Amino acid sequence: MTTGRHAIRDIRCVKCNAYVGWRYEAASVEAESYKLGKFLLEGAMLQQAGSTVMYNSRL
Numbered sequence: 001m002t003t004g005r006h007a008i009r010d011i012r013c014v015k016c017n018a019y020v021g022w023r024y025e026a027a028s029v030e031a032e033s034y035k036l037g038k039f040l041l042e043g044a045m046l047q048q049a050g051s052t053v054m055y056n057s058r059l
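To convert, note that position 20 of the sequence shown is 20 in full-length UniProt numbering; the numbers rise steadily by one, no gaps.
Listed below in structure tokens is the structure:
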């Protein structure tokens, strides 16, 4: 992505510790600050447990 520099934090599954995405922690450009606190989960990294997709939104 080429939207500016960001500090991000990995998001991991609480059950198996697998990487599932990232969360925006800081932005170097004010125009990109709307992303702060938002997260991106990579669908290919998620597995279904029963009928519910499992992930930890608490960081």
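From the three backbone atoms N, C-alpha and C, an ideal C-beta is built for every residue, glycine too. Here the structure is a predicted model, which means the values were calculated and not measured.
inquiry  = Count Cβ pairs between the segment 4-17 and the segment 29-37 that sit closer than 8 Å; are there 3 or more?
reply    = yes
request  = For Leu40, I'd like the list of residues in its chain whose CB is within less than 7 Å of its CB, leaving aside the five on either flank, ordered along the chain.
outcome  = Gly21, Trp22
key: Identified DSSP bridge partners for Arg9   = Arg23
ask   = Once you ignore the five residues that flank Leu59 on each side, which residues in its own chain have a CB closer than 8 Å to its CB?
value = Since pLDDT at Leu59 reaches only 45, below the 50 mark, its modelled position is unreliable, and the value read off the structure follows with that caveat. Contacts found: Arg9, Ile11, Arg23.
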